[in-house]
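Enquirer: Protein chains in written order, with my numbering: chain H, 2 to 112; chain V, 53 to 166.
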Amino acid sequence: QQQVKQSPQSLIVQKGGIPIINCAYENTAFDYFPWYQQFPGKGPALLIAIRPDVSEKKEGRFTISFNKSAKQFSLHIMDSQPGDSATYFCSERLGTYKYIFGTGTRLKVLA
Amino acid sequence: NAGVMQNPRHLVRRRGQEARLRCSPMKGHSHVYWYRQLPEEGLKFMVYLQKENIIDESGMPKERFSAEFPKEGPSILRIQQVVRGDSAAYFCASSPPDGLNVLTFGAGSRLTVL
């Protein structure tokens with residue numbers, strides 16, 4: 002079963018820390034790199050996304066950085082809060098419409 | 053805008069029974085995806101459908117599983133003769149006709165097979 006390579010699998014940080022989650026993609030034709038956030042008992046929801054013509058995008062405390070040569074993109078959460086505790090997924094498109102997801106990173110932010 | 057609606061939210065079946073999961077996409081969305089999520093695991097692609105057509109079912113088990121998205125009504129994921137290994141959360145997502153990359157997910161249907 003195809004999945005995007007995502008690391009780490011789990012992460013525990015203190016409140017105010019800066020967790021970083023990495024994703025390695027395969028499809029160099031892909032033009033959109035999203036991160037999804039999922040709380041327990043809920044469906045994933047789009048958190049932030051980047052297009053490959055920029056190297057970084059910030060939305061509030063969330064930042065995506067994109068490294069085209071390494072085929073990687075990362076999510077940084079600035080000043081992390083306990084409410085950020087969730088599972089984070091990156092996604093990649095294979096072919097025209099098939100979207101696959103990473104294995105997920107379970108983040109816990111300690112109060 | 054009600055978003056992607058899935059029902060039932062929770063479903064309990066005994067081994068050998070059938071499970072039917074329904075998904076109504078967001079208004080204006082004509083693309084539907086089904087994903088399976090096992091506990092502590094990621095989202096596994098199962099099938100992608102447009103109205104009345106299965107476009108990609110490469111992630112769907114060959115036996116017992118089927119999906120449809122009729123011209124009228126919700127998309128249905130059907131699991132026949134369920135086994136304990138089918139216990140999982142099944143998520144539906146939809147996207148608009150222009151194929152933009154953002155998927156909008158429903159809250160999921162959690163299937164428990166006794």
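For glycine and all other residues, C-beta sits at the position ideal for the given N, C-alpha and C.
#1: Measuring only the C-alpha atoms, how far is residue 110 of chain V from residue 97 of chain V?
#2: With which residues is residue 89 of chain H paired in a DSSP beta bridge?
#3: Count the C-beta pairs between the region 94-109 of chain H and the region 55-70 of chain H that are closer than 8 Å, then say yes if the count reaches three, no if not.
#4: Measure the Cβ-Cβ separation of residue 1 of chain H and residue 37 of chain H and say whether it is below 8 Å.
#5: Relative to the C-alpha of residue 42 of chain H, which residue among V:142, V:55, V:79, V:129 is closest?
#6: How big is the Cα-Cα spacing for residue 58 of chain H and residue 22 of chain H?
#7: Would a C-beta distance cut-off of 8 Å place residue 61 of chain V and residue 162 of chain V closer than the cut-off?
#8: From residue 106 of chain V to residue 15 of chain H, what does the alpha carbon distance come to, in whole angstroms?
#9: Are the beta-carbon atoms of residue 99 of chain V and residue 138 of chain V separated by less than 8 Å?
#10: Residue 11 of chain H: which of H:103, H:88, H:72 sits nearest, CA to CA?
#11: Is the distance from the Cβ of residue 101 of chain H to the Cβ of residue 74 of chain H below 8 Å?
#12: Mark residue 114 of chain H as exposed unless 16 or more other C-beta atoms lie within 10 angstroms of its C-beta, in which case mark it buried.
#13: Checking the sheet assignment: what are the DSSP bridge partners for residue 98 of chain V?
#14: Relative to chain H, which residues along the region 126-144 of chain V have a C-beta separation below 7 Å, given in chain order?
#15: Quick check on this structure: which residue in H:81, H:68, H:84, H:86 has the alpha carbon closest to the alpha carbon of residue 33 of chain H?
#16: Between H:13, H:7, H:53, H:99, which has its C-alpha nearest residue 94 of chain V's C-alpha?
Expert: Let me lay it out:
#1: One-based indexing of the second sequence puts residue 110 of chain V at position 58. One-based indexing of the second sequence puts residue 97 of chain V at position 45. When rounded, the distance between both Cα atoms is 8 Å.
#2: Numbered from 1 along the first sequence, position 88 holds the residue referred to as residue 89 of chain H. Partner(s): H:38, H:106.
#3: Between the region 94-109 of chain H and the region 55-70 of chain H there are fewer than three C-beta pairs closer than 8 Å, too few to call the two in contact.
#4: Residue 1 of chain H lies beyond the range of chain H shown here (2 to 112); nothing can be said about it.
#5: What you label residue 42 of chain H is simply residue 41 of the first sequence in a count that begins at 1. Among V:142, V:55, V:79, V:129, the Cα nearest to that of residue 42 of chain H belongs to V:142.
#6: Mapped onto the first sequence, residue 58 of chain H falls at position 57. Mapped onto the first sequence, residue 22 of chain H falls at position 21. It is roughly 15 Å from the alpha-carbon of residue 58 of chain H to the alpha-carbon of residue 22 of chain H.
#7: As a working mapping, residue 61 of chain V is identified with position 9 in the second sequence. As a working mapping, residue 162 of chain V is identified with position 110 in the second sequence. In this structure, the beta-carbon distance from residue 61 of chain V to residue 162 of chain V falls below 8 Å.
#8: Against the second sequence, residue 106 of chain V aligns to sequence position 54. Against the first sequence, residue 15 of chain H aligns to sequence position 14. Roughly 46 Å between the two C-alpha positions.
#9: As a working note, residue 99 of chain V is residue 47 in the second sequence. As a working note, residue 138 of chain V is residue 86 in the second sequence. It is not a contact, given that the beta carbons lie outside the stated cut-off.
#10: For this step, residue 11 of chain H is matched to residue 10 along the first sequence. The shortest Cα separation from residue 11 of chain H among H:103, H:88, H:72 belongs to H:88.
#11: As a first step, residue 101 of chain H is located in the first sequence; it is residue number 100 there, counting from the start. As a first step, residue 74 of chain H is located in the first sequence; it is residue number 73 there, counting from the start. Judged by beta-carbon spacing, residue 74 of chain H lies beyond the 8 Å limit of residue 101 of chain H, meaning their Cβ atoms are not closer than that value.
#12: For chain H, the structure presents residues 2 to 112; residue 114 of chain H sits outside this window and is missing.
#13: Sequence index remark: in the second sequence, residue 98 of chain V carries index 46 (1-based). Paired residue(s): none; residue 98 of chain V is not in a bridge.
#14: Within the region 126-144 of chain V, the residues whose Cβ lies closer than 7 Å to some Cβ of chain H are 143, listed in chain order.
#15: The residue given as residue 33 of chain H occupies position 32 in the first sequence. If you compare the alpha carbons of H:81, H:68, H:84, H:86 with that of residue 33 of chain H, the shortest gap goes to H:68.
#16: For the purposes of this step, residue 94 of chain V is taken as the residue at position 42 of the second sequence. Measuring C-alpha to C-alpha distances from residue 94 of chain V to each of H:13, H:7, H:53, H:99 identifies H:7 as the nearest.
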